[in-house]
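K.L.:
Supplied in structure tokens, the structure appears directly below.
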Amino acid sequence: MIRRFQRKIETAVVPVLISVCILAAGILPVSAAGQEEQEIAPSQLYARYAVLMDADTGRILFTKNGSKEAPMASTTKIMTCILALENAELSDEVAFSDNAQSQPEVRLGAKSGQKFYMKDLLYSLMLESHNDSAVAIAEHVGGNVEGFADMMNEKAEELGCSATYFITPNGLDARDDAGIHHTTAADLALIMRYCIMSSPCRDAFLEITRTEEHTFTDVEERSSYSCTNHNAFLKMMDGALTGKTGFTADAGYCYVGALRDDDRTFIVALLACGWPNNKGYKWSDTRKLMEYGIENYSYQEITPDISRVISVRNGYAGGFPDPEGVVTQIYVPEDPVRVLLNQSDVVERRIELPDELNAPVKKGAEIGRVVCTVNGVPVAEYRICAGSNVLERTLQVCFDNIISIYSL
23 MIRRFQRKIE TAVVPVLISV CILAAGILPV SAAGQEEQEI APSQLYARYA
73 VLMDADTGRI LFTKNGSKEA PMASTTKIMT CILALENAEL SDEVAFSDNA
123 QSQPEVRLGA KSGQKFYMKD LLYSLMLESH NDSAVAIAEH VGGNVEGFAD
173 MMNEKAEELG CSATYFITPN GLDARDDAGI HHTTAADLAL IMRYCIMSSP
223 CRDAFLEITR TEEHTFTDVE ERSSYSCTNH NAFLKMMDGA LTGKTGFTAD
273 AGYCYVGALR DDDRTFIVAL LACGWPNNKG YKWSDTRKLM EYGIENYSYQ
323 EITPDISRVI SVRNGYAGGF PDPEGVVTQI YVPEDPVRVL LNQSDVVERR
373 IELPDELNAP VKKGAEIGRV VCTVNGVPVA EYRICAGSNV LERTLQVCFD
423 NIISIYSL
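Residue numbers (the numbering used here): 23 to 430.
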């Protein structure tokens, strides 16, 4: 009898029903205003290159040539600022070199050899956009401009900016053997996202860039200087967080800025947004994109709520005379993700789960993954884990279980 039972065990496959919690498909989000979504056309913008980004996830909500390369002028200085904050002390004394003091307008006007505290030069950099301060900072942090440019490019690569190349710390038009000083609207938004969301120095970055005025002296207190913030966006819309303007002959007017509305944070990046005498185009485009985000995007929670059946080969549930019918609950251990969505966004999930598992299955073991996408772009990834143990069906396991049942 035992031998016949063993043969039955060795040849059978025990089906195991596994309830799998996965992400729902076909979610139909509602706009933030609760009304019909108002689309914005690329032709409605002055900028040749523009993006609207969700700062929480880095997902691009709107793009107009957002991945095309272009010069970015003084918006470069957000990278200069964050690298200085991360790699120097605010109390550092920074000396102006001949190279720094010879930079073209706009500039602080310091003399060669004159020293300033790093903190004050960062206000000079971000409020007045002084080109000479940018070079002095770069030489202090990187040893020289070339060394600092290497740091800028390394950080850009680390952030996933695949189409950005820095040559100067101030954004002046430049070219070398590798190409021109450039970025894309998408990369520029990604750099701003790092500055305000991820960098360990994000609070200092926001404090500097939000300051209206700053007065300081050189280290020897022989000369005094005053800086005024030229970022008009800070007073243009409620919730405006930060921003940086830029202009060169090649780049045209540029801007990158961020706004927080309740629990939503939006970033707008604009390149080639008009040339003189169209200085106001960047403010018009920034407002239009920010309002579009506020009016049409709201947070929706993507929750696991669909079941699936797979089997465990050679699994044993216990019981006699029928050891089959193993049921193990599967769970997704991460919390549901919240994503900014509008009415036209398509939410899909890709389930990476084998058709069957081999026993034994250990409770909590990862057995698959679920990738959630919005309009084909991944926004979240979940682990699918077994919720209970499934033993391997061996003669000894079955025999032990039968003995335990008949000894009750």
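We put the CB at the ideal spot given by N, CA and C, even for glycine.
Using the three-state DSSP reduction, which class does D120 fall into: helix, strand or coil?
P.N.:
DSSP places D120 in helix when its eight states are reduced to three.
K.L.:
Assign P345 to one of three DSSP states: helix, strand, or coil.
P.N.:
Legend: pLDDT at P345 = 48, less than 50; position of this residue unreliable, no value from coordinates given.
K.L.:
Using a threshold of 9 Å, state whether the C-beta atoms of I82 and A211 are closer than that.
P.N.:
Cβ distance < 9 Å, so I82 and A211 count as in contact.
K.L.:
Please tell me whether A158 and A110 are closer than 9 Å, where the distance is taken between their beta carbons.
P.N.:
No, the pair does not count as a contact, with Cβ atoms beyond the cut-off.
K.L.:
In three-state DSSP terms, what is Y314?
P.N.:
Note: Y314 maps to helix in three-state DSSP.
K.L.:
In whole angstroms, give me the CA-to-CA distance for T186 and Y277.
P.N.:
Each residue's alpha carbon lies about 16 Å from the other.
K.L.:
Under 7 Å Cβ to Cβ from C407, same chain only, skipping five residues before and after it: list those, please.
P.N.:
Only I352, Y353, P355, G386, A387, E388, I389 meet the Cβ criterion.
K.L.:
Using a 10 Å radius around the Cβ and a threshold of 16 neighbouring Cβ atoms, would you call V21 buried or exposed?
P.N.:
Nothing about residue 21 can be reported from this structure: the residues present for the chain run from 23 to 430 only.
K.L.:
At what residues does the alpha helix (DSSP H) containing Y145 begin and finish?
P.N.:
Where Y145 is concerned, the enclosing alpha helix (DSSP H) stretches over 140 to 145.
K.L.:
Given a cut-off of 9 Å, decide if A69 and D240 are closer than it, judged by their beta-carbon atoms.
P.N.:
Not a contact, by the Cβ cut-off of 9 Å.
K.L.:
If you check the beta carbons only, do C295 and G274 fall under 9 Å apart?
P.N.:
For C295 and G274, yes; Cβs fall inside 9 Å.
K.L.:
Measure the C-alpha to C-alpha separation of N300 and F269 and round it to an integer number of angstroms.
P.N.:
Spanning the two alpha carbons is a distance of roughly 11 Å.
K.L.:
Excluding the 5 residues flanking S246 on each side, which residues of the same chain have their C-beta closer than 6 Å to its C-beta?
P.N.:
Once the five neighbours on either side are set aside, the close Cβ partners of S246 are T239.
K.L.:
In its own chain, which residues sit with a C-beta less than 8 Å from the C-beta of N87, not counting the 5 before and 5 after it?
P.N.:
Within the same chain, N87 has close Cβ partners P64, R70, Y71, A72, A207.
K.L.:
Measuring alpha carbon to alpha carbon, tell me which of R282, Q125, S146 ends up nearest T264.
P.N.:
When only C-alpha atoms are compared, the closest one is R282.
K.L.:
Beta-carbon separation of E161 and S96 under 9 Å?
P.N.:
Not closer than 9 Å, so no.
K.L.:
Hey, quick one: how far does the beta strand (DSSP E) through R70 stretch, first residue to last?
P.N.:
Premise fails: R70 is in no beta strand (DSSP E) and is neither H nor E.
K.L.:
Could you pull out every residue in the same chain whose Cβ sits closer than 6 Å to the Cβ of K304, ignoring the five residues on either side in sequence?
P.N.:
Excluding sequence neighbours, K304 sits near Y275, Y277, L292, C295.
K.L.:
Are the Cβ atoms of T308 and F227 separated by less than 9 Å?
P.N.:
Against a cut-off of 9 Å, the Cβ pair of F227 and T308 comes out as no contact.
K.L.:
With DSSP run on the structure shown, which of helix, strand or coil describes V163?
P.N.:
Helix.
K.L.:
Give me the residue from A402, F170, R391 with the minimum Cα distance to T79.
P.N.:
Selected option, being the one with the closest Cα: A402.
K.L.:
Have a look at the DSSP bridge pairing and note the partners of D199.
P.N.:
Note: D199 sits in no beta bridge, so no partner.
K.L.:
Between the alpha carbons of E179 and I213, how many angstroms are there, rounded?
P.N.:
Rounded to whole angstroms, E179 to I213 spans 10 Å at the Cα level.
K.L.:
Based on Cα-Cα distance, which residue from A77, G315, L362, V163 lies nearest to I62?
P.N.:
Closest by alpha carbon: G315.
K.L.:
Looking only at C-alpha atoms, which of M140, Q125, D142 sits nearest to S134?
P.N.:
S134 has its Cα closest to that of Q125, out of M140, Q125, D142.
K.L.:
What residue range is occupied by the uninterrupted alpha helix (DSSP H) comprising L228?
P.N.:
Its alpha helix (DSSP H) spans residues 224 to 232.
K.L.:
Starting from the C-beta of A381, find all residues in its chain whose C-beta is less than 6 Å away, skip the five residues before and the five after it, and write them out in chain order.
P.N.:
Excluding sequence neighbours, A381 sits near V334, N336, G337, V412, E414.
K.L.:
Could you tell me whether the region 167 to 178 touches the region 139 to 154, using the rule of 3 or more Cβ pairs below 8 Å?
P.N.:
Touching, no, given that fewer than three Cβ pairs across the two stretches are closer than 8 Å.
K.L.:
Using DSSP with H/G/I as helix, E/B as strand and the rest coil, what is S366?
P.N.:
If DSSP states are grouped into helix, strand and coil, S366 belongs with coil.
K.L.:
Quick check on T237: buried or exposed, where buried means 16 or more other Cβ atoms within 10 Å of its Cβ?
P.N.:
Result: exposed.
K.L.:
Quick one: grab the DSSP three-state call for S1.
P.N.:
The displayed coordinates of the chain run from 23 to 430. Any statement about residue 1 would go beyond what the structure contains.
K.L.:
What span of residues does the alpha helix (DSSP H) with K266 cover, start to end?
P.N.:
First-last for K266: 262 to 270, but that is the beta strand (DSSP E), not the alpha helix (DSSP H).
K.L.:
To the nearest angstrom, how far is the alpha carbon of D357 from that of A171?
P.N.:
Looking at the two C-alpha atoms, the distance is approximately 40 Å.
K.L.:
Do the CB positions of A106 and M140 come within less than 9 Å of each other?
P.N.:
Cβ atoms of A106 and M140: closer than 9 Å.
K.L.:
If you draw a straight line from the C-alpha of M101 to the C-alpha of S248, how long is it?
P.N.:
Going by the C-alpha atoms only, they are around 23 Å apart.
K.L.:
Taking the straight line between their C-alpha atoms, what separation do you get for V396 and D260?
P.N.:
Approximately 28 Å, taken between the alpha carbons.
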